[in-house]
């Protein structure tokens, strides 16, 4: 029976040969998949190359490897994805958290008007796994967060993450982005990473298009429909002086700024992600026009 060293060698070769996997770190992925099958950490895999797994573990490992070679994302295979230093559970039907989305968290935590306040009321529109809203709740325990999600699978996973991470103060609600059941002028902060990809965008990786939830990725009107809905909702539920922070596509910043200005937002600013791409835009709500 093969030992860990041989298993890793075979897995690396398979991942390198699998075009669908679009794998850029085959050794790392092989180690993580084997660690998952072993129910051990990656350090064990690296320290004990002579260890011989039993048949059940081998069967699970080869099954995980086969799914990865077919393009299934690592996060679904491992069952979690790290976000802002915390493990978030994910599975098929739930958008996988991305590092660039952490810019939303940084933007909120660095905001001078929110700094030091303990009475902030916020909503995460389209919460998915809960990575944005639950992270904010954990980073600012005295705030009151509401996480809104319309789809059943993400809603369940969000609840699992709330329990697993101990973010009990956060509330979770199933509702549509366009029909948020909140009173007017009742919140201080709106955050969202809504669907914003154009259906015809050729830059979307094949594995993402094939495996991640379509409704969490793509939006009508050249990817702007849900962004516009979030902005419209924010203009209704934010108090004057309230803040909105939105993630969007790299080519959508100008249009998002225009949409915000049309809804009476001021101090509109776009921030770049670590790749130097326009990724997050924020604005302060002036209040309703009279």
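Numbering (UniProt numbering), first residue to last: 1 to 290. A virtual CB, placed ideally from N, CA and C, is assigned to each residue, including glycine. Owing to the predicted nature of the structure, the values given are computational and were not obtained by experimental measurement.
Chain-order list of residues whose beta-carbon lies under 7 Å from that of residue 111 (same chain, five-residue window excluded): 243
Can you tell me the Cα-Cα spacing of residue 9 and residue 48, whole angstroms? 14 Å
May I have the straight-line CA-CA distance separating residue 151 from residue 14, to the nearest angstrom? 35 Å
Where residue 172 falls: helix, strand or coil (DSSP): strand
Skipping 5 residues on each side, what residues in its chain have a beta carbon closer than 7 Å to that of residue 257? 268, 270 and 281
Could you tell me which residues DSSP pairs with residue 145 in its beta bridges? 122
Span of the alpha helix (DSSP H) around residue 57: 55 to 69
Please state the DSSP three-state secondary structure of residue 76. helix
Among 126, 144 and 194, whose alpha-carbon lies nearest the alpha-carbon of residue 175? 126
Rounded to a whole number of angstroms, what is the C-alpha to C-alpha distance between residue 67 and residue 23? 13 Å
Other residues of its chain near residue 236: CB distance less than 6 Å, five sequence neighbours each side excluded: 184
Give the DSSP-derived three-state secondary structure of residue 194 in the structure shown. coil
Could you pull the DSSP bridge partners for residue 98 from this structure? According to DSSP, which records beta bridges pairwise, residue 98 is partnered with nothing at all.
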